[in-house]
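Just so you know, we're using full-length UniProt numbering here: the sequence shown kicks off at 1 and counts up by one. Using N, Cα and C, we set each Cβ at its ideal position, and we do this for glycine too. These numbers come from a predicted model, not from an experiment. Here's the structure we're looking at; comments come further down.
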Amino acid sequence: MVGRAAGLNQTGKGVRERLVLLSIQQENILETRMTKACIQTYPDAKHYAISAKIPEFSNKDRTLVVQYSIKFEQDIECGGGYIKLMSGYVNQKKFGGDTPYSLMFGPDLCGTQTKKLHLILSYQGQNYPIKKDLQCETDKLTHVYTFILRPDATYSLLVDNRERESGSMYTDWDILPPRKIKDVNAKKPKDWEEREYIDDPNDVKPEGYDRIPAEILDPKAKKPDSWDEDEDGIWRPPKIPNPNIEEHGNVRRLRTRTIRENGRSHGSTIQSLKMIRIYM
């Protein structure tokens, strides 16, 4: 079965747009011995895109999973294959590379220097790429890319169902504010103790503590075979610290109160999504 699907081709500095055709063919994936339909672009050295509206949804309090597979059947001099999720109104006949999106995910190859896996999130009209250096696959096989974003702002990135990266939106993007900030209104209390450690006022010596010897004879010590009492005197075991004595004068640690939790947390919720787009 061979079918056709409408896509978008961009050319020229002014980005002249026109509809082109993408070929839907049967792809023989030899490495898995499976046959399934795929979308194939032609000719080379052009930009293509295809999109579809999806039922609007939000990942608030839910885990978002974005997964797709892509195969570069030849050596790529400069190109990529991204998937984008979009929010709000989008004119499918006029969108281009600069059309706003909420999430962009996929490989980018250019020469010998760029072998990057993009993972970009958008917040309040600004795009935030992940701060980690993610590497994409460079062979001619089919690869499955998966991005998982959880309600607690943690994420996982999988390639061929194997975890490649994981972390938190708090640390790996510059979207969310720091979990802790300096309290600009904090002032040092008048009774603040400058010493790092002080004696614990609640610590009390056990009954009979002063009568417990600090050292005892080592019960495991043995008289040396070469010991001569006529010359060396009576042998006595050496003393060791008494293991039954408890140390006192404990101290408690004082923590400075210049850091507090920042109450503003945006979490991992992305603006409601209603369109998916593949861009090549």
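Going by alpha carbons, who is nearest to residue i out of the options?
i: Gly79; options: Ile234, Arg62, Ile50, Pro107; result: Pro107
i: Pro241; options: Ala221, Gly233, Leu217, Thr41; result: Leu217
i: Pro141; options: Thr112, Val159, Trp235, Pro238; result: In the sequence on display, residue 141 carries Leu and not Pro. Among Thr112, Val159, Trp235, Pro238, the Cα nearest to that of Leu141 belongs to Val159.
i: Arg164; options: Phe147, Asp152, Thr171; result: Phe147
i: Ile76; options: Met104, Val90, Thr112; result: Thr112
i: Phe105; options: Asp225, Asp139, Ser69; result: Ser69
i: Val66; options: Leu149, Asp191, Pro219; result: Leu149
i: Pro238; options: Glu231, Asp228, Pro206, Pro224; result: Pro224
i: Glu215; options: Lys205, Pro151, Asn244; result: Asn244
i: Cys110; options: Thr138, Arg195, Glu231; result: Thr138
i: Ser51; options: Asp44, Gly97, Pro206; result: Gly97
i: Pro219; options: Ile39, Asp203, Arg236; result: Arg236
i: Pro151; options: Glu56, Tyr42, Thr63, Asp44; result: Thr63
i: Tyr170; options: Glu56, Pro201, Lys132, Pro43; result: Lys132
i: Gln74; options: Trp192, Pro201, Asp44, Lys190; result: Asp44
Using C-beta distances below 7 Å, list every residue in its chain close to residue i, excluding the 5 sequence neighbours before and after it, in chain order.
i: Tyr101; result: Lys84, Leu85, Met86, Ser122
i: Phe72; result: Lys140
i: Ile130; result: Leu119, Asp172, Trp173
i: Glu231; result: none
i: Trp227; result: Trp235
i: Arg33; result: Reliability of the predicted coordinates at Arg33 is poor, the pLDDT of 44 falling under 50, and no value is obtained from them.
Specify, as a first and last residue, the run of the beta strand (DSSP E) that residue i falls within.
i: Tyr123; result: 114-123
i: Ser156; result: 154-159
i: Leu149; result: 143-149
i: Ile181; result: 180-182
If I follow the unbroken alpha helix (DSSP H) through residue i, where does it start and stop?
i: Asp108; result: That residue, Asp108, is in no alpha helix (DSSP H); its beta strand (DSSP E) goes 103-110.
i: Thr171; result: 169-172
i: Glu231; result: 229-232
Kindly identify the DSSP beta-bridge partner or partners of residue i.
i: Ile212; result: Per DSSP, none; premise fails for Ile212.
i: Asn127; result: Ser122
i: Gly80; result: Asp108
i: Arg62; result: Per DSSP, none; premise fails for Arg62.
i: Lys239; result: Leu217
i: Ile175; result: The partner list for Ile175 (beta bridge, DSSP) is empty, contrary to what the question assumes.
i: Tyr68; result: Tyr145
i: residue 288; result: Because the chain in this structure spans residues 1 to 280, residue 288 falls outside the shown range and cannot be described.
i: Gln135; result: Lys116
Considering only residues of the same chain and omitting the five flanking positions on each side of residue i, which have a CB-CB separation below 8 Å?
i: Ser166; result: Thr154, Tyr155, Ser156, Leu157
i: Lys188; result: none
i: Gln135; result: Lys115, Lys116, Leu117
i: Asn161; result: Val144, Thr146
i: Glu229; result: Trp235
i: Gly125; result: Pro100
Once you ignore the five residues that flank residue i on each side, which residues in its own chain have a CB closer than 6 Å to its CB?
i: Tyr128; result: Leu121, Trp173, Asp174, Ile175
i: Ser168; result: Ala153, Thr154
Within 10 angstroms of its Cβ, does residue i collect 16 or more other Cβ (buried), or is it exposed?
i: Ala221; result: exposed
i: Arg4; result: Residue confidence is low: Arg4 scores 35 on pLDDT, short of 50, so the model does not pin down where it sits. Its coordinate-derived value is still stated next. Exposed, by the Cβ-count rule.
i: Tyr209; result: exposed
i: Asp61; result: exposed
i: Tyr82; result: buried
i: Ala49; result: buried
i: Asn91; result: exposed
i: Ser58; result: exposed
Regarding residue i and the ligand GDP, is the C-beta to nearest heavy atom distance less than 7 Å?
i: Lys132; result: With respect to the ligand GDP, the structure offers nothing, as it holds no ligand at all.
Using 8 Å as the limit for Cβ to Cβ distance, is residue i near chain C?
i: Asp174; result: Going by chain labels, chain C is absent from the structure shown, which holds only one protein chain.
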